[in-house]
Amino acid sequence: MDNPWWHRSVVYQIYPRSFADANGDGMGDLRGIIQRLDHLAGLGVDVIWLSPICRSPQDDNGYDISDYQDIDPAFGSLADFDELLAGVHERGMRLIMDLVVNHSSDEHAWFAESRSGKDSPKRDWYWWRPARPGMEPGTPGAEPNNWGSVFGGSAWEYDPATGEYYLHIFSRKQPDLNWENPEVREAVYAMMNWWLDRGVDGFRMDVIDHISKDTSLPDGVVRPGSLYAEGGPHYMNGPRNHEFLHEMHERVFAGRATLLTVAEMPGVTIEEAARYTDPARREVDMVFGFEHVWVDRGPDPWVLYPLRLTKLKGILGRWQAGLADVGWNSLYWNNHDQPRVVSRYGDDSPEFRVRSAKMLGAVLHLHRGTPYIYQGEEIGMTNAPFASIADFRDIEALGHYAQAVEHEGHSSEDVLTVLRARGRDNARTPMQWDDSHQAGFTTGTPWLAVNPNHKEINAAAAVEDPDSVYHFYRRLIALRHDDPVVVYGDFTMLLPDDERLYAFTRRHGDTELLVVGNFSGERARADIPGAEAWSSAELVLTNAPARTGLDLEPWQVVIYRRRA
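The structure is reproduced here in structure tokens:
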């Protein structure tokens with residue numbers, strides 16, 4: 003059997019509202035994406051993943067869908083989408099859509115009917131429950147259980163019209179669909195087939211490991227200092243998740259040309275990921291794990307913890323080993339939910355921003371798995387300088403700020419310090435196309451302020467500069483396309499206890515690669531077995547001006563190749 007096409011592919015994520023605005027209303031749109039397709043084709047990516055573009059009240063920037071089979075007017079029309087899809091395919095790329103079916107919008111027709119009365123035919127399409135026994139509905143503590151919402155506050159919203167509560171793991175405007183009801187699943191599968199029939203090439207599945215809940219909805223453990231419990235153990239990777247995803251595969255993907263299915267799973271373990279991505283089980287192609295982007299978190303969410311490279315290597319190394327024989331890795335530093343990696347794990351100072359961005363890209367792309375590039379990563383975009391909470395737009399940041407400052411007693415400056423470094427809006431500032439007003443993103447007022455460093459950091463300048471992050475990423479992508487060892491080579495971690503150097507080898511047939519990245523602002527030597535022989539091997543790629551063997555400059559990466 004031939005290996006799947008997506009093994010050697012690179013995916014580029016577009017966050018549509020922040021990518022390119024064609025009509026000047028301050029929000030990105032489909033026509034803006036159409037106008038910028040050649041940027042992506044020039045980069046060499048194979049797949050474009052679109053964050054949600056379906057009709058939505060935009061409570062969570064489109065992750066609250068009110069009509070799964072229409073485009074939100076803010077982004078354009080179905081005709082615009084068809085033109086975009088044709089443009090992607092004409093350039094030899096594929097397009098996958100964001101599938102958001104753990105929850106819908108509370109403005110979806112399904113939910114409107116569900117909340118119309120307890121006898122509604124769609125009442126059981128969502129998680130409705132009465133107040134706790136002996137408690138007055140709608141009063142504090144009467145919620146069916148003590149789970150907290152991911153966005154702050156309770157995970158339950160009281161509905162006075164029917165006297166019951168509905169579950170929302172995220173915003174109160176994102177009620178959770180009840181996947182225990184087969185009618186819900188059939189409606190979702192019909193919608194997915196409608197999009198595939200239209201020509202899309204697969205789906206990235208939002209928090210898809212949340213769809214199966216413990217139906218007893220038990221109370222969770224309340225963390226000290228918090229008002230609500232962490233409900234994740236009772237809805238992440240739930241008891242019927244594998245069953246539901248296998249059923250989805252059989253009802254939607256079986257018998258079609260090879261598509262791409264990517265499952266976002268915040269709570270997934272390596273062992274479960276291997277099961278989800280085992281081709282024989284017919285569930286999904288790959289998963290997004292979160293462990294490596296939680297490596298700099300600690301017990302107190304309002305304290306910043308520095309990156310420990312040994313811990314990061316331990317996590318990524320375990321994932322490489324755990325999916326070496328069965329399953330497949332997805333590789334990412336950035337997405338719409340994560341801060342900019344060059345500011346997080348690199349050095350975004352003028353001196354080292356470009357070099358550290360290249361190093362981070364090389365280390366990631368040379369692992370075994372399918373790499374994902376988030377818009378702006380290819381030009382080394384950085385975190386934004388948020389002055390106050392008024393500068394943020396993200397519902398998660400605003401909710402956490404309110405809960406931490408107003409209810410949990412944290413100082414506003416402590417909370418802001420963490421949000422500036424880790425907040426999701428860092429990834430959502432508009433794409434920096436050029437050094438003109440509003441970075442060439444819009445002729446109007448952008449929905450979220452453009453990072454002022456767009457004068458120096460922008461796509462136009464990067465394309466013109468042969469030594470830019472953009473052209474380094476082009477070379478990384480070409481290396482994946484051209485050399486099977488990048489795709490299929492085994493993975494061996496070196497120097498696991500070194501806090502500055504990230505080193506590993508990839509071997510396939512008679513070809514072996516050595517990758518060494520310096521995660522520090524100091525010179526460092528890679529004392530690995532056979533170091534002298536590697537120093538005389540072919541230098542495939544580096545981000546420093548001169549070859550230095552295995553004596554690395556600050557933030558340098560080297561990729562060597564030798565053949566047996």
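Numbering (the numbering used here), first residue to last: 3 to 566. For each residue, glycine too, the CB sits at the ideal point set by N, CA and C.
Residue i - partner residues in DSSP beta bridges
i: His510; result: Thr513
i: Tyr230; result: For Tyr230, which the question treats as bridged, DSSP gives no partner whatsoever.
i: Asn2; result: Beyond the ends of the chain as shown, which are 3 and 566, falls residue 2; an answer cannot be given.
i: Ile561; result: Val517 and Leu543
i: Met495; result: Phe506
i: Tyr376; result: Gln15
i: Arg134; result: The partner list for Arg134 (beta bridge, DSSP) is empty, contrary to what the question assumes.
i: Tyr237; result: Tyr237 pairs with nothing; no bridge assigned.
i: Ile50; result: Tyr14 and Leu97
i: Glu166; result: Asp161
i: Leu262; result: Gly204
i: Val487; result: In the DSSP output, where bridge partners are listed per residue, Val487 has none listed.
i: Val224; result: Ala231
Collapsed DSSP secondary structure at residue i in the structure displayed
i: Thr312; result: helix
i: Phe521; result: coil
i: Phe255; result: helix
i: Asp393; result: helix
i: His369; result: coil
i: Ile317; result: helix
i: Met207; result: strand
i: Met267; result: coil
i: Ser358; result: helix
i: Leu32; result: helix
i: Leu219; result: coil
i: Glu534; result: helix
i: Glu408; result: helix
i: Leu179; result: strand
i: Glu159; result: strand
i: Val452; result: coil
i: Trp304; result: coil
i: Met3; result: At Met3, the pLDDT of 46 sits below 50, so the modelled position is not reliable; the number obtained from the coordinates is stated separately. If DSSP states are grouped into helix, strand and coil, Met3 belongs with coil.
i: Pro556; result: coil
i: Gly150; result: strand
i: Leu325; result: coil
i: Ala526; result: strand
i: Val297; result: coil
i: Arg57; result: strand
i: Trp435; result: coil
i: Tyr65; result: coil
Enclosing alpha helix (DSSP H) for residue i [first to last residue]
i: Val343; result: Val343 to Arg346
i: Tyr475; result: Val471 to Asp484
i: Val190; result: Pro184 to Arg200
i: Glu249; result: Asn243 to Met250
i: Leu39; result: Leu39 to Leu45
i: Asp72; result: Taken as a continuous stretch (DSSP letters only), Asp72 belongs to no alpha helix (DSSP H), being part of the beta strand (DSSP E) at Asp69 to Ile73.
i: Arg430; result: Asp427 to Arg430
i: Ala461; result: Ala461 to Glu466
heavy atom of the ligand SAM below 7 Å from residue i C-beta
i: Gly411; result: The ligand SAM is not among the ligands present in this structure, which contains no ligands whatsoever.
Of the listed residues the options, nearest to residue i (C-alpha basis)
i: Asp108; options: Gly136, Arg476, Asn147 and Tyr160; result: Tyr160
i: Leu554; options: Glu458, Glu524 and Thr217; result: Glu524
i: Val517; options: Arg527, Phe506, Arg38 and Ala526; result: Phe506
i: Asp4; options: Arg563, Tyr490, Ala566 and Val560; result: Tyr490
i: Ala192; options: Arg509, Val209 and Phe255; result: Phe255
i: Phe292; options: Glu285, Gly316, Glu266 and Leu306; result: Glu266
i: Pro308; options: Arg299, Gly316 and Lys315; result: Arg299
i: Trp7; options: Trp449, Thr372, Thr141 and Leu496; result: Thr372
i: Arg38; options: Gly532, Met433, Pro547 and Asp529; result: Met433
i: Glu274; options: Leu325, Leu314 and Ala259; result: Leu325
i: Leu306; options: Asp100, Gly425 and Leu87; result: Gly425
i: Gly269; options: Gly551, Asp84, Leu45 and Asn239; result: Asn239
i: Ala423; options: Phe388, Phe246 and Met29; result: Phe388
i: Phe246; options: Leu97, Pro123, Asn180 and Gln377; result: Asn180
i: Ile397; options: Arg10, Gly155, Met99 and Ala81; result: Gly155
i: Ile210; options: Thr164, Asn243 and Pro468; result: Asn243
i: Phe205; options: Val13, Leu32 and Asp350; result: Val13
i: Trp335; options: Asp327, Thr263, Ala399 and Val344; result: Val344
i: Trp129; options: Met99, Val152 and Arg174; result: Arg174
i: Gly411; options: Gly94, Pro226, Lys215 and Pro235; result: Pro226
i: Arg200; options: Arg253, Phe83 and Leu400; result: Phe83
i: Val465; options: Gly319, Gly378, Gly64 and Glu353; result: Gly378
Where the beta strand (DSSP E) through residue i begins and ends
i: Glu540; result: Glu540 to Thr544
i: Val420; result: Counting along the chain, Val420 falls outside any beta strand (DSSP E), though it belongs to the alpha helix (DSSP H) covering Ser414 to Arg424.
i: Tyr278; result: No beta strand (DSSP E) holds Tyr278; the alpha helix (DSSP H) holding it covers Ile272 to Thr279.
i: Val13; result: Val13 to Ile16
Legend entry - Minimum length 3: unbroken beta strand (DSSP E) runs contained in the segment 83-127: 96-101
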